[in-house]
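Top line first, the protein sequences correspond to chains A and B.
Sequential numbering from 5 applies to the first sequence in our numbering.
Sequential numbering from 5 applies to the second sequence in our numbering.
Cβ coordinates follow ideal geometry from the N, Cα and C atoms, glycine included.
Number of protein chains: 2
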Amino acid sequence: MKSPKHTVDIRLQNKQIVMRLLCFHEPMSRMEISQDTTLSPGTVTNVTGELLQEGILAKTGLVESVGGRPRTLLTISPNYGYLIGVDLGETHIQLELFNLARQKLGAIRYGIAESGNTPDYYVEQISSGLKELASSTGIKEEAILGIGIGVPGVVEHNGYVSIAAPMWNWQRVEFLNMLEAKINLPVYIDNGAKAMALAESWFGAGRGVEDMAVILLGTGIGAGIITKGSLYRGATNSAGEWGHTKIELNGRPCRCGSQGCVEAYAGAPGIISSLKTLSGESAKQDEDQIVTIKNLVEAYRAGDSSAVQVLHATAHYLGAGLANLVNLFNPELVVIGGWAGLLIGEAIMDELKKYVAQYALAPSAAHLKIDLCQFGQDAICMGAACLVLEEFLSANKKFMRQSVEG
Amino acid sequence: MKSPKHTVDIRLQNKQIVMRLLCFHEPMSRMEISQDTTLSPGTVTNVTGELLQEGILAKTGLVESVGGRPRTLLTISPNYGYLIGVDLGETHIQLELFNLARQKLGAIRYGIAESGNTPDYYVEQISSGLKELASSTGIKEEAILGIGIGVPGVVEHNGYVSIAAPMWNWQRVEFLNMLEAKINLPVYIDNGAKAMALAESWFGAGRGVEDMAVILLGTGIGAGIITKGSLYRGATNSAGEWGHTKIELNGRPCRCGSQGCVEAYAGAPGIISSLKTLSGESAKQDEDQIVTIKNLVEAYRAGDSSAVQVLHATAHYLGAGLANLVNLFNPELVVIGGWAGLLIGEAIMDELKKYVAQYALAPSAAHLKIDLCQFGQDAICMGAACLVLEEFLSANKKFMRQSVEG
DNA sequence: ATGACTTATTTTAAGATATAAAATAAGTCA
DNA sequence: TGACTTATTTTATATCTTAAAATAAGTCAT
Chain A
5 MKSPKHTVDI RLQNKQIVMR LLCFHEPMSR MEISQDTTLS PGTVTNVTGE
55 LLQEGILAKT GLVESVGGRP RTLLTISPNY GYLIGVDLGE THIQLELFNL
105 ARQKLGAIRY GIAESGNTPD YYVEQISSGL KELASSTGIK EEAILGIGIG
155 VPGVVEHNGY VSIAAPMWNW QRVEFLNMLE AKINLPVYID NGAKAMALAE
205 SWFGAGRGVE DMAVILLGTG IGAGIITKGS LYRGATNSAG EWGHTKIELN
255 GRPCRCGSQG CVEAYAGAPG IISSLKTLSG ESAKQDEDQI VTIKNLVEAY
305 RAGDSSAVQV LHATAHYLGA GLANLVNLFN PELVVIGGWA GLLIGEAIMD
355 ELKKYVAQYA LAPSAAHLKI DLCQFGQDAI CMGAACLVLE EFLSANKKFM
405 RQSVEG
Chain B
5 MKSPKHTVDI RLQNKQIVMR LLCFHEPMSR MEISQDTTLS PGTVTNVTGE
55 LLQEGILAKT GLVESVGGRP RTLLTISPNY GYLIGVDLGE THIQLELFNL
105 ARQKLGAIRY GIAESGNTPD YYVEQISSGL KELASSTGIK EEAILGIGIG
155 VPGVVEHNGY VSIAAPMWNW QRVEFLNMLE AKINLPVYID NGAKAMALAE
205 SWFGAGRGVE DMAVILLGTG IGAGIITKGS LYRGATNSAG EWGHTKIELN
255 GRPCRCGSQG CVEAYAGAPG IISSLKTLSG ESAKQDEDQI VTIKNLVEAY
305 RAGDSSAVQV LHATAHYLGA GLANLVNLFN PELVVIGGWA GLLIGEAIMD
355 ELKKYVAQYA LAPSAAHLKI DLCQFGQDAI CMGAACLVLE EFLSANKKFM
405 RQSVEG
């Protein structure tokens, strides 16, 4: 709903306001809701009354009285509906099922054969995973509010997906349409970093922060940017492509075809390449990136000078790239995530902060906080589920009275 | 007004909706307003009726009938109130007075003695300029809705201004308070590039564009970024500091103290420095930048190879920096302005577009347009006046019925 | 237990707004 | 001049919010 112009719109909007408040501050009594929303107590009674009758809210207990009628606590009914979040990775698919209290009720993970990266294959995997998840948790498909999918690429607004990862090469695939044809549920797709940013800003390291960025360090580098409390998408939903911002005009070649991108230096292959260059080894193509990075961090902790040098250099590149983002967006908080980010995050944090402070302008750098993400492995699934949740919270139809009597 | 919760809020909001529509699409009939806003004809009658009675709207004519009652055209009364926009530059102050139809009714320009850059001096100049402007145009101060000021520095939300330009060195000056103590009008201050971006997006090269960036090329380099139709400010109003994003990790020293900033290469002194380096001359400190750039563009047009080389290099640096901005913000349009931008814009446009397309990712680069700004000299004053206009359009108090009878 | 007091929630009465439909206004055109 | 067309205003009805009054459901001292 854009702007209420009608008296009925007010009721709808007030229901939304109450739902959003409860979603982030459960449980609350009617009085507390009234105070936080500036809605009068009578209105809160009316609004929550409808929501209770519809089964969207539930009473969950009383607050012990301090000399008066005790407050009744209200929450969103955890089982009013369920959310499915899918993390479509370069090497795996993970599906997770949550209730409205964001409790994980089930999960499935598939590895992916290197040859199977066609859209049809993924549609099939997601669709069958969905059924499996529903039956294993005993949840009826009708109770699922929708399915959100985070993908490692660019998603246009009409659901066209482009993924440039090696072995993939999807170009404007009509993925949303394909999924909707196969799956009888509302489907939402977005870039994985964007989804993760949503999860971290709503329920993770950035609870309550209005302007923040979530940085995803993995094989590739991405970012999700939250402005004014909601996901920043730009004109065609491809905002936040931080991994391919340039910090060296004639720098290292990047897999995107350009040179000097942040990703070329601070993506896992970039870090490994720095390491090999320093030690004179040639990079082994098939070596396990995760193991290599883990070993690097261990060596760093042990004081190994090459490891220190490489991680400092990585912090330097990241700091310069992050300073550009900070100068442009002026966020209050930057959250570091992604598997590589989780591994190296603590080790590089001090250096990273130092370089950001050095390269970013003082007014933006002064109040900036940098933290690590809170949802490790589950961040993208969680974020994908948040795409559904976001829709649920603004889904006026859900809050409309379908049949009124008396 | 954040979210209407009350029936009276609806009326206020609908007044705002109508005002904004008229501000950008004058003149319109009630029927057209009804269609564009989805408000019913009866409501439009009520809303415009109040606005007409308050003198905010006026009838300006009829549309010739095509076989029915002719439409009455409505506009915002141009003389309901006036706006003052101030361009506080590094070397001048310019004040302009506009009516609500954005017609310039008067202007004053002061040069600035190099020694006079104290806050007190500027407060004095603005305050006396204001009086002069009012008396020379014959407009009463009570009719002035407010005064907007664009400054070449960072403005925090509480009105603390920091300007790092040579000769200035303002650090968190309480400029807003100082002005408000002296001037008996609503005062709004913001960064000049931000103000200019507002003007270009509302009434200039970006009319109707929701996501865009305005790039200011002058002695310094700044940017104003419009997202979802309004100015993007970030957490502490210092977003958009594009001039100090880095494109070379160990690049040219910049006056900000860092290295490799876009400004160091493509600000006027940076361009001139490129030119001197190429020709082997040492840069003369006191040479007039404007003249030098003008000569450079003339030489370029005449096919001078050094000039071509320098402007191509400038386009290269700008293109790389702009690609970073485009990757992060995914705007629909980039507008080039500022005095240097106006001079070199046409000459470098093709090369600039080429480099942006080369460095930015395809999904963001594909739909991007790059244009020149439309308000040359007046852009910052115009934008500063838009700060007042923005406030006017969302000033509920103005639209409240002060005294209702019958 | 009882009455006084306290706090939470619901009910009620009044005021405001929007819309749809009907009425009116102000033209064109043959 | 009358039929027709389109714009705007008026009217009747349904909602909504709030403030204030009424109820509900406790605590606490006696």
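The residue from B:Ser205, B:Tyr86 and B:Val177 with its alpha-carbon nearest to that of B:Ile148 is B:Tyr86. Residue-level contact by beta carbon fails for B:Asp194 and chain A, as no gap is shorter than 7 Å. Straight through space, the alpha carbons of B:Ile374 and A:Lys298 are spaced by roughly 45 Å. Of the other Cβ atoms in all chains shown, 16 or more fall within 10 Å of the Cβ of A:Arg34; this residue is therefore buried.
Residues are counted here when their Cβ sits less than 7 Å from a Cβ of chain B; for the segment 371-402 of chain A these are His371, given in chain order. For B:Trp246, the three-state secondary structure derived from DSSP is helix.
The contact set of B:Gly244 on chain A, defined by CB atoms closer than 7 Å, consists of Leu332 in chain order.
Under the DSSP definition of a beta bridge, A:Ser33 partners with A:Leu77.
Distance from A:Val177 to A:Pro123 at the Cβ level is roughly 5 Å; contact confirmed, criterion being Cβ atoms closer than 8 Å.
A:Leu66 counts as exposed, since fewer than 16 other beta carbons sit within 10 angstroms of its beta carbon. By the criterion of at least three beta-carbon pairs nearer than 8 Å, the segment 355-367 of chain A is in contact with the segment 307-321 of chain A. Bridge pairing for A:Gln263: A:Pro257 [DSSP].
For the pair B:Asp91 and B:Thr49, the Cα-to-Cα distance works out to about 40 Å.
Secondary structure note for A:Ile97: its beta strand (DSSP E) is the uninterrupted segment His96 to Asn103. Among the residues facing chain A, B:Val339 is not included, as its CB has no counterpart in that chain under 7 Å away. The way I'd put it, the segment 244-253 of chain A does touch the segment 266-277 of chain A; three or more beta-carbon pairs between them come closer than 8 Å. Of all C-beta pairs linking the segment 187-199 of chain B to the segment 223-236 of chain B, three or more are shorter than 8 Å, placing the two stretches in contact. Look at B:Met216 here: in three-state DSSP terms it is strand.
For A:Tyr363, the nearest CB of chain B lies under 7 Å from its own CB, placing it at the interface with that chain. Just measuring C-alpha positions, the residue of A:Ala203, A:Tyr114, A:Lys9 and A:Gly110 sitting nearest A:Phe28 is A:Ala203. Around A:Ala111, the same chain offers Glu100 as residues with beta carbons nearer than 6 Å, after the five sequence neighbours per side are excluded.
The beta carbons of B:Glu394 and B:Met216 sit no closer together than 7 Å. With a beta-carbon spacing of about 7 Å, A:Tyr114 and A:Gly133 fall inside the 8 Å limit used to define contacts. Using beta-carbon distances, B:Lys19 does not count as an interface residue toward chain A, since no partner is under 7 Å.
Here B:Pro45 is exposed. Its C-beta has fewer than 16 other C-beta atoms within 10 Å. For B:Ile88 against B:Ile151, the beta-carbon gap comes to about 4 Å, under 8 Å, which counts as contact. In the three-state DSSP reduction, A:Trp343 falls in the helix class (H, G or I). Within the segment 152-203 of chain B, the alpha helix (DSSP H) runs of at least 4 residues that lie entirely inside it are, in chain order, 179-186. From the beta-carbon of B:Ser38, no residue of chain A is found nearer than 9 Å; the closest lies around 11 Å away. Among the residues facing chain A, B:Thr240 is included, as its CB has a counterpart in that chain under 7 Å away. By the 16-neighbour rule on beta-carbons within 10 angstroms, A:Glu245 is buried. Within the model, the alpha-carbon separation for A:Leu61 versus A:Val127 is close to 34 Å. Straight through space, the alpha carbons of B:Asn83 and B:Thr11 are spaced by roughly 31 Å. When secondary structure is reduced to three states using DSSP, B:Ala111 falls in the strand class.
B:His248 has a beta carbon lying within less than 7 Å of a beta carbon in chain A.
Within the same chain, Ser131 come within 6 Å of B:Ile187 by CB-CB distance, once the 5 residues on both sides are set aside.
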